[in-house]
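Notes follow the structure.
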Amino acid sequence: MSAAAAAAGSSAFSRFINSPVGPKTIHFWAPAMKWGLVIAGLGDLARPVDQISVRQQLSLAATGLIWTRWSTIITPKNYSLATVNFFVGCTAAYQLARVALNRRDTPPSATETVAATTA
């Protein structure tokens, strides 16, 4: 490797390290840790639909989509944060679709029918 190529590579690395959204700032570490929510959401794909919390998934979908937009407005623009929030919102929206399809395709039980007619 030539000295010029090594210098160019190290300057790109140092620009990344010292960037306003680089690893020396919270703008780097917050999105990195938030990927845990996406991984947990993907893990929940194996969970039975009746165990999915609709309220939790609604809040994750809403905050994911809101924060995706917000991360493109702030200075410095944080595309890493936008990406992770987009995937949080998509994962939650997919879970909500699973619940909606299950409720549409599953007929109500006899006890639910009686409870609905007496209320």
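Number 73 in numbering that gives the first Met the number 0 belongs to position 74 of the sequence shown; there are no gaps in the numbering.
Where a beta carbon is used, it is the ideal one built from N, C-alpha and C, also for glycine.
Every value quoted in this text rests on a predicted model; they were computed, and no experiment measured them.
- If you draw a straight line from the alpha carbon of T62 to that of P30, how long is it in whole angstroms? Here residue 62 is taken as the residue at index 63 of the sequence shown, counted from 1. Here residue 30 is taken as the residue at index 31 of the sequence shown, counted from 1. Each residue's Cα considered, the two are about 14 Å apart.
- Alpha carbon to alpha carbon, how far is K23 from R14? Here residue 23 corresponds to residue number 24 of the sequence shown, with the count starting at 1. Here residue 14 corresponds to residue number 15 of the sequence shown, with the count starting at 1. Approximately 12 Å between the Cα atoms of the pair.
- Item | Identity of the residue in N101, T74, S108 nearest D49 by Cα | Here the question's residue 49 lines up with position 50 in the sequence shown. Comparing Cα positions, the closest option is N101.
- Any idea if W28 is buried or exposed, counting beta-carbon neighbours within 10 angstroms, 16 or more meaning buried? The count along the sequence shown starts at 1 and reaches residue 28 at position 29. When all chains shown are included, W28 counts as exposed.
- Query: Since T71 contacts A81 with CB under 8 Å, what's their CB separation in whole angstroms?
  - Reply: Walking along the sequence shown from the start, residue 71 turns up at place 72. Walking along the sequence shown from the start, residue 81 turns up at place 82. At roughly 5 Å, the Cβ-Cβ gap stays under 8 Å, so T71 and A81 are in contact.
- Item | Minimum C-alpha distance to R46 - residue among R97, R103, S108, T105 | One-based indexing of the sequence shown puts residue 46 at position 47. That would be R97, whose Cα lies nearest to the Cα of R46.
- By Cβ distance, which residues of its chain are closer than 6 Å to W66, with the 5 residues on each side in sequence left out? Within the sequence shown, residue 66 is the residue found at index 67, counting from 1. Same-chain partners within the cutoff: N84.
- Comparing alpha-carbon positions, which option in D43, R68, P107 lies nearest L95? Taking the sequence shown and counting its residues from 1, the one referred to as residue 95 is at position 96. Here the closest residue by C-alpha is D43.
- For P75 versus V20, is the C-beta spacing smaller than 9 Å? Walking along the sequence shown from the start, residue 75 turns up at place 76. Walking along the sequence shown from the start, residue 20 turns up at place 21. Yes, the Cβ-Cβ distance between P75 and V20 is below 9 Å.
- Task: Could you pull the start and end residues of the alpha helix (DSSP H) that G30 belongs to?
- Result: The residue given as residue 30 occupies position 31 in the sequence shown. The question names Gly, but residue 30 is Pro in the sequence shown. It spans 25–42 - the alpha helix (DSSP H) in which P30 sits, taken as one unbroken run.
- Task: Return the CA-CA distance between K33 and A99, expressed in angstroms with no decimal places.
- Result: Against the sequence shown, residue 33 aligns to sequence position 34. Against the sequence shown, residue 99 aligns to sequence position 100. Going by the C-alpha atoms only, they are around 26 Å apart.
- Task: Using a threshold of 9 Å, state whether the C-beta atoms of G35 and A91 are closer than that.
- Result: For the purposes of this step, residue 35 is taken as the residue at position 36 of the sequence shown. For the purposes of this step, residue 91 is taken as the residue at position 92 of the sequence shown. Their beta carbons are not under 9 Å apart, which means G35 does not touch A91 by this criterion.
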